[in-house]
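*Asks:* Quick one: the structure is below, questions incoming.
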């Protein structure tokens, strides 16, 4: 009986350890892919049809399209390789929903004329979320 309890106890401990290791591995699969800094200027507030954009994710996506596709750049805008791919720019809305940005930062982006810092996170070649903050 004692041997049976010992085996049962060991099985529970090993199962718990394996579960904990799986969570740690899942956490480590997401990492910082890339960071960049960009100025949200007047050109970033309008889409290619001249329509005023009203959502922060739209404006950030337009900024990256302006930078990579249209070569409309603000002074000191930084490049990134991730949003150079149009498919990744299309995913920006969902990535921002999965990430973080304060309400104040969102309002400042919609008003424009602000610097943003963007951190892109993901793993295995896929972006999963972005964290966006405004800075001086």
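Numbering (the numbering used here), first residue to last: 4 to 139.
Here a beta-carbon is modelled for each residue, glycine too, at the ideal position from N, C-alpha and C.
Quantities reported herein were computed from a predicted structural model and do not represent experimental measurements.
Reducing DSSP to helix, strand and coil, say where residue 137 ends up.
*Replies:* By 1-based counting over the chain shown, the position of residue 137 is 134. Residue 137 carries a strand assignment under DSSP once its states are collapsed to helix, strand and coil.
*Asks:* Indicate the three-state DSSP secondary structure (helix, strand or coil) for residue 88 in the structure shown.
*Replies:* As a position in the chain shown, residue 88 is number 85, starting the count at 1. Note: residue 88 maps to coil in three-state DSSP.
*Asks:* Does the beta-carbon of residue 63, which I'm using as the reference point, lie nearer than 7 Å to any heavy atom of the ligand PLP?
*Replies:* Looking at this structure, you won't find the ligand PLP or any other ligand, since it has none at all.
*Asks:* Determine the burial state of residue 89: buried for a count of at least 16 other Cβ atoms within 10 Å of its Cβ, exposed for fewer.
*Replies:* The count along the chain shown starts at 1 and reaches residue 89 at position 86. It is exposed - the Cβ of residue 89 has fewer than 16 other Cβ atoms within 10 Å.
*Asks:* Excluding the five sequence neighbours on either side, which residues of its own chain have a C-beta within less than 8 Å of the C-beta of residue 134, listed in chain order?
*Replies:* Walking along the chain shown from the start, residue 134 turns up at place 131. Same-chain partners within the cutoff: 102, 103, 104, 121, 122, 124.
*Asks:* Alpha carbon to alpha carbon, how far is residue 48 from residue 112?
*Replies:* Counting from one through the chain shown, the residue named residue 48 turns up at place 45. Counting from one through the chain shown, the residue named residue 112 turns up at place 109. Their Cα atoms are separated by approximately 9 Å.
*Asks:* For residue 69 and residue 32, I'd like the C-alpha separation in whole angstroms.
*Replies:* As a position in the chain shown, residue 69 is number 66, starting the count at 1. As a position in the chain shown, residue 32 is number 29, starting the count at 1. The alpha-carbon atoms of residue 69 and residue 32 are separated by roughly 31 Å.
*Asks:* Can you check DSSP and say which residues form a bridge with residue 35?
*Replies:* What you label residue 35 is simply residue 32 of the chain shown in a count that begins at 1. Its beta-bridge partners are 124.
*Asks:* Could you tell me which residues DSSP puts in a beta bridge with residue 115?
*Replies:* Position 112 of the chain shown, counting from 1, holds the residue named residue 115. The partner list for residue 115 (beta bridge, DSSP) is empty, contrary to what the question assumes.
*Asks:* Spell out the partners DSSP gives residue 43 in its beta bridges.
*Replies:* Translated into the one-based positions of the chain shown, residue 43 becomes position 40. Residue 43 pairs with 117.
*Asks:* If you reduce the DSSP assignment to three classes, tell me which class residue 55 lands in.
*Replies:* Counting from 1 along the chain shown, the entry for residue 55 is found at position 52. Residue 55: strand per DSSP, three-state reduction.
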